[in-house]
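For the sequence shown, the UniProt record's numbering gives the first residue as 1, with consecutive numbering after it.
Just below is one structure, and these are the notes that go with it.
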Amino acid sequence: MFLRLLFVLLIAFNIAVGAWLWLGQDDAHGRSATDPDVPALKLLSERPVAPAATVGAAMASGTSAPTSAPAPAQAVAAPVAAPVPPSRPNSYTCTALGPFATQVDLRNARTALGAQAVRMRSRQEQTTQTRGWWVHLPSSGSRDRALEQARKLSAANIGDYFVVSSGDQSNTISLGLFKDPANARKRRDEVVASGFPAQMIERTETVPEYWLDLAIADNAHFDWRTRIRSGVGSHSTGCF
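Written as structure tokens, this is what we have:
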């Protein structure tokens with residue numbers, strides 16, 4: 001009888017211990033180790049793996065999107081000054097007077113016209129002037145032939161000749177130097193008509209001439225003719 005009671009107690013004890021272990025294990029598994037309002041910690045290995053495409057897009061957007069710089073403050077525009085109208089330049093007319101035969105004449109003109117001109121300048125140029133027209137017989141090549149030619153002129157009643165004995169025109173026979181080309185032409189034709197090869201050439205020389213350039217204001221009264229000697233001309237020239 002005692003043994004039967006002990007056997008029943010052992011079975012009841014085993015049932016109680018088994019129930020306690022079963023119910024206590026579920027409660028331990030279900031109960032959180034943290035406070036109710038604190039989120040639970042998770043290991044990286046427990047996080048779900050994101051798809052490769054999503055990770056790549058996130059990395060691309062993170063590296064390629066530049067950080068937008070803050071917009072600069074708008075500069076305050078300075079007040080624009082009203083444009084100053086350009087001053088109108090003075091207008092001039094430039095005239096050249098000359099030629100003057102000597103530097104003395106040029107200096108006298110500068111003195112006489114200095115009060116009327118804004119600017120003046122003097123200049124010297126070289127010009128070729130005609131010294132006359134020369135009628136002659138060309139060189140015969142030797143002194144003897146030139147003298148023989150001169151005797152033939154005398155025989156033809158042609159006078160007023162001269163045998164050149166030196167210089168560039170040696171052994172030529174000069175028949176005259178004329179200022180008027182018409183007279184020189186007449187002399188040549190007379191000698192040619194007598195059977196001699198007379199020639200007519202112009203004789204020139206290079207001489208200096210002097211000019212005075214003046215810049216005159218357009219509104220000025222410029223009267224130069226009453227202040228310098230006659231024989232001087234004028235023409236327009238480039239301003240300086």
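Positions of the beta carbon are idealized from the N, C-alpha and C atoms, including for glycine.
A quick note: this is a predicted structure, and the numbers were derived from the prediction, not measured.
Assumed close pair residue i, residue j - CB separation to whole angstroms, cut-off 8 Å
i	j	result
Ser142	Asn171	6 Å
Gln116	Ala220	7 Å
Arg123	Trp211	5 Å
From the options, residue whose alpha carbon lies closest to that of residue i
i	options	result
Ala217	Thr226, Cys239, Thr204	Cys239
His191	Pro138, Gly167, Gly233	The residue asked about is misnamed: residue 191 is Val in this sequence, not His. That would be Pro138, whose Cα lies nearest to the Cα of Val191.
Asn183	Ala109, Met200, Gln169, Gly231	Met200
Gly176	Glu202, Ser166, Asp168, Ala155	Glu202
Ala146	Tyr92, Phe196, Leu106	Phe196
Thr127	Ser91, Val207, Ser234	Val207
Phe162	Gly231, His136, Arg121, Arg227	His136
Arg188	Arg227, Trp134, Tyr92, Thr93	Trp134
Thr93	Phe222, Phe2, Thr226, Phe100	Phe222
Inter-residue Cα distance where the pair is residue i and residue j
i	j	result
Leu6	Trp20	21 Å
Ala12	Arg4	13 Å
Ser165	Lys152	18 Å
Gly18	Leu9	14 Å
Gly159	Glu148	14 Å
Glu125	Glu209	5 Å
Gly167	Thr204	17 Å
Thr111	Lys186	48 Å
Gln169	Asn157	24 Å
residue 242	Ala155	There is no way to answer for residue 242, as the model of the chain reaches only from 1 to 240.
Thr102	Ser140	42 Å
Any non-hydrogen atom of the ligand PLP within 7 Å of residue i CB
i	result
Gln199	Ligands in the displayed structure: none, and consequently the ligand PLP is not present.
Proximity below 8 Å, CB of residue i to CB of residue j
i	j	result
Thr95	Ser236	yes
Phe178	Gly233	no
Leu224	Leu97	Leu is not the amino acid found at residue 224; the sequence shown has Trp there. In this structure, Leu97 lies closer than 8 Å to Trp224 by Cβ.
Residue i classed as buried or exposed, judged by whether at least 16 other C-beta atoms fall within 10 angstroms
i	result
Asp213	buried
Gly114	exposed
Arg229	exposed
Ile15	exposed
Ser68	With a pLDDT of 49 at Ser68, under the threshold of 50, the predicted position of this residue should be treated as unreliable, though the coordinate-derived value follows. Exposed, by the Cβ-count rule.
Ala109	buried
Pro181	exposed
Asn104	Here the sequence assigns Val to residue 104, which means Asn is not the residue at that position. Burial call: exposed.
Phe2	exposed
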